[in-house]
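Residue numbers (the numbering used here): 31 to 315.
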């Protein structure tokens with residue numbers, strides 16, 4: 031076999047392996063999604079979505095669970111997005127190259143790899159006990175914000191780095207300040223990438239159980255939260271409780287709850303993808 035033939039064989043083999051891996055991942059994801067839909071769809075009804083749990087959570091619906099999850103994600107976004115995007119802008123546009131900046135980036139990368147249970151214990155120690163927020167939406171959202179910020183920071187920085195430097199130089203040459211260049215030129219162009227990373231981070235937060243287990247979620251509560259210091263029911267923790275603590279529960283309830291969680295995350299991702307595509311058609315460079 032000649033060198034050219036060997037190179038072509040290796041290229042063909044690499045394409046086949048990577049293609050097979052992609053097909054396997056897509057097939058596995060589709061199988062899981064279809065399985066959840068098939069098992070959960072019989073349990074979905076208007077009463078299931080608008081009523082509270084009853085009969086020791088073997089009957090009724092999941093309305094307080096949905097509301098509690100929405101509260102947690104909304105406040106997580108409120109706390110994490112401004113800080114995460116601002117930190118990404120600083121690291122990409124203002125931070126000087128040096129050991130200190132590299133150490134900061136290494137710390138952010140390490141934070142992204144920390145298990146969620148550690149964030150739960152951190153939130154319990156800092157927000158619930160030390161700051162005396164108790165088990166509440168505030169404590170849970172702050173904990174989830176710590177969990178999602180590394181993803182948002184990294185996504186923001188990478189999105190800003192992909193913007194051609196010619197755009198910055200042209201804006202500065204016309205007399206714009208550095209901040210105005212970033213705000214009016216760079217950020218709109220990097221918006222699709224920033225939104226993608228933010229949605230990924232918030233989607234991860236929506237499905238986490240361990241952080242809210244210690245900081246926000248409760249086993250059962252019929253009342254809706256009346257302040258950020260109220261504890262709440264949440265979809266991932268509710269699924270865990272149904273699967274491990276409630277005996278004799280109908281399978282439709284647990285699979286229906288799982289379907290609601292997956293559908294919510296999927297809808298959020300689809301809306302973000304649609305907005306991203308629309309913005310990319312507007313922004314050309």
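C-beta atoms are modelled at their ideal positions from N, C-alpha and C, and glycine is treated no differently.
### Task
Could you have a look at residue 145 and say whether DSSP puts it in helix, strand or coil?
coil
### Task
Taking only the alpha-carbon atoms, compute the straight-line gap between residue 291 and residue 206 and give it to the nearest angstrom.
45 angstroms
### CA nearest to the CA of residue 64, picked from 306, 300, 289, 298
When each option's Cα is compared against that of residue 64, the closest is 289.
### Query
How many Å lie between residue 135 and residue 114 at the Cα?
13 angstroms
### Message
Checking the sheet assignment: what are the DSSP bridge partners for residue 89?
### Response
In the DSSP output, where bridge partners are listed per residue, residue 89 has 84.
### Query
For residue 161, which residues of its own chain have a beta-carbon under 6 angstroms away from its beta-carbon, when the five flanking residues on both sides are left out?
none
### Task
State the CB to CB distance for the pair residue 99 and residue 264, rounded to an integer number of angstroms; the pair is presumed to be in contact (CB under 8 angstroms).
5 angstroms
### Query
Is the Cβ-Cβ distance between residue 187 and residue 110 less than 9 angstroms?
no
### Task
Give a yes or no on whether the C-beta atoms belonging to residue 103 and residue 247 are separated by under 9 angstroms.
no
### Task
Return the Cβ separation of residue 245 and residue 170 in integer angstroms, given the expectation that the two are a contact with Cβ distance under 8 angstroms.
4 angstroms
### Task
Give me the Cβ distance between residue 91 and residue 79, rounded to the nearest whole Å; I'm assuming they're in contact under 8 angstroms.
6 angstroms
### residue 184 versus residue 271: straight-line alpha-carbon distance, rounded
33 angstroms
### Message
Taking its Cβ as the centre, do 16 or more other Cβ atoms sit within 10 Å of residue 227, making it buried, or is it exposed?
### Response
buried
### Query
Where residue 84 and residue 75 are concerned, what is the direct C-alpha to C-alpha distance, given to the nearest angstrom?
16 angstroms
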